[in-house]
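J.:
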Amino acid sequence: MSESTASQLQQTITHLYENAPGFKKRLDDAGLTLADLQTIDALARLPVLRKDDLIELQRQDPPFGGMLAVPVADLRRVFQSPGPINEPEAETADPGRWASGLAAAGFTAGDVALNAFSYHLTPAGASLEAGLRALGCVVIPGGIGNQEQQIEAMAAFGAVGYVGLPSYLKALLDKAAALGISLPLTKAFVLAEPLP
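Letter by letter, the sequence shown follows residues 743 to 938 in the numbering used here.
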(Lines of atoms letter the chains of each structure in order from A and count residues from 1; the text may use other names and numbers.)
(Lines give C-alpha, C1' and ligand atoms only; values in the text may rest on other atoms or scores of the structure.)
Protein backbone atom coordinates (compact mmCIF):
# COMPACT_ATOMS: atom_id res chain seq x y z
CA MET A 1 0.00 0.00 0.00
CA SER A 2 1.38 3.42 -0.92
CA GLU A 3 2.05 6.05 1.73
CA SER A 4 -0.71 8.18 0.25
CA THR A 5 -3.24 5.33 0.44
CA ALA A 6 -2.20 4.47 3.99
CA SER A 7 -2.56 8.11 5.01
CA GLN A 8 -6.01 8.38 3.39
CA LEU A 9 -7.10 5.16 5.12
CA GLN A 10 -5.97 6.47 8.50
CA GLN A 11 -7.67 9.82 7.95
CA THR A 12 -10.93 8.13 6.96
CA ILE A 13 -10.95 5.62 9.83
CA THR A 14 -10.04 8.34 12.35
CA HIS A 15 -12.73 10.68 11.00
CA LEU A 16 -15.36 7.94 11.23
CA TYR A 17 -14.28 6.93 14.72
CA GLU A 18 -14.37 10.52 15.99
CA ASN A 19 -17.56 11.65 14.21
CA ALA A 20 -19.85 8.62 13.76
CA PRO A 21 -20.85 7.26 17.20
CA GLY A 22 -22.37 4.12 15.66
CA PHE A 23 -19.09 3.32 13.88
CA LYS A 24 -17.10 3.93 17.08
CA LYS A 25 -19.45 1.63 19.03
CA ARG A 26 -19.06 -1.16 16.45
CA LEU A 27 -15.26 -0.92 16.66
CA ASP A 28 -15.31 -0.76 20.46
CA ASP A 29 -17.73 -3.73 20.66
CA ALA A 30 -15.41 -5.72 18.36
CA GLY A 31 -12.42 -4.86 20.57
CA LEU A 32 -10.73 -2.88 17.79
CA THR A 33 -8.76 0.35 18.14
CA LEU A 34 -7.56 2.80 15.53
CA ALA A 35 -4.11 1.26 15.88
CA ASP A 36 -5.56 -2.10 14.78
CA LEU A 37 -6.66 -0.66 11.42
CA GLN A 38 -3.43 0.57 9.85
CA THR A 39 -3.52 -1.45 6.59
CA ILE A 40 -5.95 -2.50 3.90
CA ASP A 41 -5.62 -6.12 5.09
CA ALA A 42 -6.62 -5.04 8.61
CA LEU A 43 -9.99 -3.87 7.28
CA ALA A 44 -10.98 -7.56 7.12
CA ARG A 45 -11.24 -7.36 10.91
CA LEU A 46 -14.06 -4.81 10.73
CA PRO A 47 -17.40 -6.33 11.72
CA VAL A 48 -19.77 -6.81 8.77
CA LEU A 49 -22.84 -4.57 8.92
CA ARG A 50 -25.74 -6.54 7.46
CA LYS A 51 -28.77 -4.83 5.95
CA ASP A 52 -31.09 -6.04 8.73
CA ASP A 53 -28.63 -4.73 11.34
CA LEU A 54 -28.49 -1.33 9.63
CA ILE A 55 -32.29 -1.12 9.61
CA GLU A 56 -32.31 -1.88 13.35
CA LEU A 57 -29.54 0.66 14.04
CA GLN A 58 -31.49 3.32 12.18
CA ARG A 59 -34.66 2.42 14.05
CA GLN A 60 -32.87 2.75 17.39
CA ASP A 61 -30.93 5.92 16.48
CA PRO A 62 -32.75 7.75 13.67
CA PRO A 63 -32.16 8.71 11.00
CA PHE A 64 -28.73 7.14 10.19
CA GLY A 65 -28.06 4.82 13.12
CA GLY A 66 -25.10 6.86 14.32
CA MET A 67 -23.20 6.02 11.14
CA LEU A 68 -23.17 9.52 9.61
CA ALA A 69 -19.81 11.26 10.10
CA VAL A 70 -20.78 14.72 8.84
CA PRO A 71 -23.56 17.14 9.81
CA VAL A 72 -26.83 16.51 7.94
CA ALA A 73 -26.60 20.09 6.65
CA ASP A 74 -23.47 19.07 4.68
CA LEU A 75 -25.41 16.50 2.61
CA ARG A 76 -26.74 17.08 -0.89
CA ARG A 77 -29.73 14.73 -0.61
CA VAL A 78 -31.20 12.12 1.68
CA PHE A 79 -32.98 9.04 0.40
CA GLN A 80 -35.11 6.28 1.84
CA SER A 81 -34.88 2.88 0.19
CA PRO A 82 -37.09 -0.13 0.96
CA GLY A 83 -36.44 -1.58 4.38
CA PRO A 84 -36.59 1.30 5.19
CA ILE A 85 -32.95 2.29 4.89
CA ASN A 86 -32.08 5.97 5.18
CA GLU A 87 -29.23 6.90 2.86
CA PRO A 88 -27.18 10.10 2.83
CA GLU A 89 -25.66 11.53 -0.35
CA ALA A 90 -22.48 13.57 -0.09
CA GLU A 91 -21.88 16.85 -1.88
CA THR A 92 -19.53 15.44 -4.52
CA ALA A 93 -19.55 15.21 -8.31
CA ASP A 94 -20.25 11.45 -8.40
CA PRO A 95 -21.40 10.36 -4.92
CA GLY A 96 -22.42 6.87 -6.06
CA ARG A 97 -19.15 6.41 -7.97
CA TRP A 98 -20.99 5.23 -11.07
CA ALA A 99 -18.87 7.10 -13.64
CA SER A 100 -16.21 4.40 -14.04
CA GLY A 101 -18.82 1.68 -14.60
CA LEU A 102 -20.72 3.86 -17.06
CA ALA A 103 -17.47 4.59 -18.91
CA ALA A 104 -16.74 0.86 -19.06
CA ALA A 105 -20.18 0.43 -20.67
CA GLY A 106 -19.14 2.91 -23.37
CA PHE A 107 -20.70 6.16 -22.16
CA THR A 108 -18.62 9.22 -23.11
CA ALA A 109 -18.83 13.01 -22.95
CA GLY A 110 -21.55 14.40 -25.17
CA ASP A 111 -23.67 11.24 -25.19
CA VAL A 112 -27.38 11.80 -24.62
CA ALA A 113 -28.79 9.16 -22.29
CA LEU A 114 -32.23 8.31 -20.94
CA ASN A 115 -32.11 7.69 -17.20
CA ALA A 116 -35.11 5.44 -16.56
CA PHE A 117 -34.54 5.09 -12.81
CA SER A 118 -36.93 6.76 -10.41
CA TYR A 119 -36.02 10.12 -8.93
CA HIS A 120 -38.34 9.59 -5.94
CA LEU A 121 -37.00 8.72 -2.46
CA THR A 122 -34.56 6.02 -3.65
CA PRO A 123 -31.05 7.03 -4.80
CA ALA A 124 -30.85 5.29 -8.19
CA GLY A 125 -32.12 8.08 -10.46
CA ALA A 126 -30.18 10.95 -8.94
CA SER A 127 -27.07 8.86 -8.28
CA LEU A 128 -26.80 7.52 -11.82
CA GLU A 129 -27.52 10.96 -13.24
CA ALA A 130 -24.54 12.27 -11.25
CA GLY A 131 -22.36 9.51 -12.73
CA LEU A 132 -23.51 10.35 -16.25
CA ARG A 133 -22.94 14.07 -15.63
CA ALA A 134 -19.45 13.36 -14.24
CA LEU A 135 -18.65 11.87 -17.67
CA GLY A 136 -20.13 14.87 -19.48
CA CYS A 137 -23.27 13.10 -20.70
CA VAL A 138 -26.57 14.89 -21.30
CA VAL A 139 -29.36 13.26 -19.27
CA ILE A 140 -33.03 12.82 -20.10
CA PRO A 141 -34.58 12.27 -16.60
CA GLY A 142 -37.23 9.76 -17.58
CA GLY A 143 -38.03 7.51 -14.64
CA ILE A 144 -40.65 4.83 -15.29
CA GLY A 145 -43.83 5.43 -17.25
CA ASN A 146 -44.92 7.63 -20.15
CA GLN A 147 -43.27 5.24 -22.60
CA GLU A 148 -44.46 7.03 -25.73
CA GLN A 149 -43.18 10.39 -24.50
CA GLN A 150 -39.84 8.86 -23.50
CA ILE A 151 -39.48 7.20 -26.91
CA GLU A 152 -40.28 10.50 -28.63
CA ALA A 153 -37.73 12.31 -26.43
CA MET A 154 -35.07 9.68 -27.11
CA ALA A 155 -35.62 10.00 -30.86
CA ALA A 156 -35.79 13.82 -30.79
CA PHE A 157 -32.66 14.28 -28.66
CA GLY A 158 -30.68 11.48 -30.32
CA ALA A 159 -30.29 9.41 -27.16
CA VAL A 160 -27.56 6.86 -27.75
CA GLY A 161 -27.58 5.59 -24.15
CA TYR A 162 -30.01 4.04 -21.70
CA VAL A 163 -29.64 3.62 -17.94
CA GLY A 164 -32.28 1.63 -16.06
CA LEU A 165 -33.91 -1.72 -15.56
CA PRO A 166 -33.36 -4.24 -18.36
CA SER A 167 -37.06 -5.12 -18.40
CA TYR A 168 -37.96 -1.47 -18.95
CA LEU A 169 -35.45 -1.18 -21.79
CA LYS A 170 -37.12 -4.17 -23.43
CA ALA A 171 -40.54 -2.57 -22.92
CA LEU A 172 -39.32 0.68 -24.51
CA LEU A 173 -37.77 -1.14 -27.48
CA ASP A 174 -40.94 -3.20 -28.02
CA LYS A 175 -43.11 -0.06 -27.81
CA ALA A 176 -40.81 1.85 -30.19
CA ALA A 177 -41.01 -1.01 -32.69
CA ALA A 178 -44.82 -1.06 -32.41
CA LEU A 179 -44.86 2.71 -33.06
CA GLY A 180 -42.46 2.35 -36.00
CA ILE A 181 -39.86 4.58 -34.32
CA SER A 182 -36.19 3.73 -34.74
CA LEU A 183 -34.16 4.64 -31.67
CA PRO A 184 -30.47 5.60 -31.96
CA LEU A 185 -29.47 3.55 -28.88
CA THR A 186 -26.00 2.01 -29.02
CA LYS A 187 -25.23 1.43 -25.33
CA ALA A 188 -27.01 0.56 -22.11
CA PHE A 189 -26.18 0.28 -18.42
CA VAL A 190 -28.73 -1.98 -16.74
CA LEU A 191 -28.98 -3.16 -13.15
CA ALA A 192 -31.26 -4.14 -10.25
CA GLU A 193 -32.72 -7.22 -11.95
CA PRO A 194 -31.69 -10.05 -14.29
CA LEU A 195 -31.85 -9.59 -18.04
CA PRO A 196 -35.25 -10.54 -19.49
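All C-beta atoms, glycine included, are put in the ideal place defined by N, C-alpha and C.
Predicted, not measured: the structure shown is a model, and the values here were computed from it.
In the DSSP output, which residue or residues are listed as bridge partners for Gln822?
T.: Here residue 822 refers to the residue found at position 80 when the sequence shown is read from its first residue. Answer is Asn828.
J.: May I ask you to list the residues that DSSP assigns as paired with Lys929?
T.: Along the sequence shown, one-based indexing puts residue 929 at 187. According to DSSP, Lys929 bridges with Gly903.
J.: State the DSSP-derived secondary structure class of Asn857, mapped to helix, strand or coil.
T.: Within the sequence shown, the letter at position 115 stands for residue 857. Three-state result, Asn857: strand.
J.: State the CB to CB distance for the pair Ala868 and Ala835, rounded to an integer number of angstroms; the pair is presumed to be in contact (CB under 8 angstroms).
T.: Here the question's residue 868 lines up with position 126 in the sequence shown. Here the question's residue 835 lines up with position 93 in the sequence shown. Rounded, the Cβ-Cβ distance is 13 angstroms, inconsistent with contact.
J.: Would you kindly check if the distance between the Cβ of Pro883 and the Cβ of Ser909 is under 8 angstroms?
T.: Residue mapping note: residue 909 aligns to position 167 of the sequence shown, counting from 1. Residue mapping note: residue 883 aligns to position 141 of the sequence shown, counting from 1. Not closer than 8 angstroms, so no.
J.: Which of helix, strand or coil does DSSP assign to Val880?
T.: In the sequence shown, the residue the question calls residue 880 occupies position 138. Three-state DSSP puts Val880 in a strand.
J.: Which two residues bound the contiguous alpha helix (DSSP H) that contains His757?
T.: As a working mapping, residue 757 is identified with position 15 in the sequence shown. It spans 745 to 761 - the alpha helix (DSSP H) in which His757 sits, taken as one unbroken run.
J.: Locate the alpha helix (DSSP H) running through Gln800, then write down its first and last residues.
T.: For this step, residue 800 is matched to residue 58 along the sequence shown. Note, Gln800: alpha helix (DSSP H), 793 to 802.
J.: Could you give the distance in angstroms between the alpha-carbon of Glu760 and the alpha-carbon of Thr775?
T.: Position 18 of the sequence shown holds residue 760. Position 33 of the sequence shown holds residue 775. Answer to the nearest angstrom: the Cα atoms are 12 angstroms apart.
J.: Please report the residue range of the alpha helix (DSSP H) in which Ala919 lies.
T.: As a working mapping, residue 919 is identified with position 177 in the sequence shown. Ala919 -> alpha helix (DSSP H) spans 908 to 921.
J.: Helix or strand or just coil, what does DSSP make of Ile886?
T.: Translated into positions along the sequence shown, residue 886 becomes position 144. Ile886: coil per DSSP, three-state reduction.
J.: Where does Ser842 fall in DSSP's three states?
T.: Along the sequence shown, read from residue 1 onward, the residue named residue 842 stands at position 100. Three-state DSSP puts Ser842 in a helix.
J.: Is there contact here, the segment 919 to 931 with the segment 836 to 851, by at least three beta-carbon pairs under 8 angstroms?
T.: Short answer: they touch.
J.: Below 8 angstroms, can you find three or more Cβ-Cβ pairs linking the segment 852 to 862 to the segment 885 to 897?
T.: Verdict: yes, contact present.
J.: Is it the case that the Cβ atoms of Pro837 and Glu831 are separated by a distance below 8 angstroms?
T.: Reading the sequence shown from its first residue, position 95 is the one you call residue 837. Reading the sequence shown from its first residue, position 89 is the one you call residue 831. Yes.
J.: Output yes or no for whether 8 angstroms exceeds the beta carbon distance between Ala898 and Leu925.
T.: Your numbering for residue 898 matches position 156 in the sequence shown. Your numbering for residue 925 matches position 183 in the sequence shown. No, they are not a contact pair.
J.: Since Gly903 and Ala851 should fall inside the 8 angstroms C-beta cutoff, what is the C-beta to C-beta distance between them, to a whole number of angstroms?
T.: Here the question's residue 903 lines up with position 161 in the sequence shown. Here the question's residue 851 lines up with position 109 in the sequence shown. So it is not a contact: roughly 12 angstroms between Cβ atoms.
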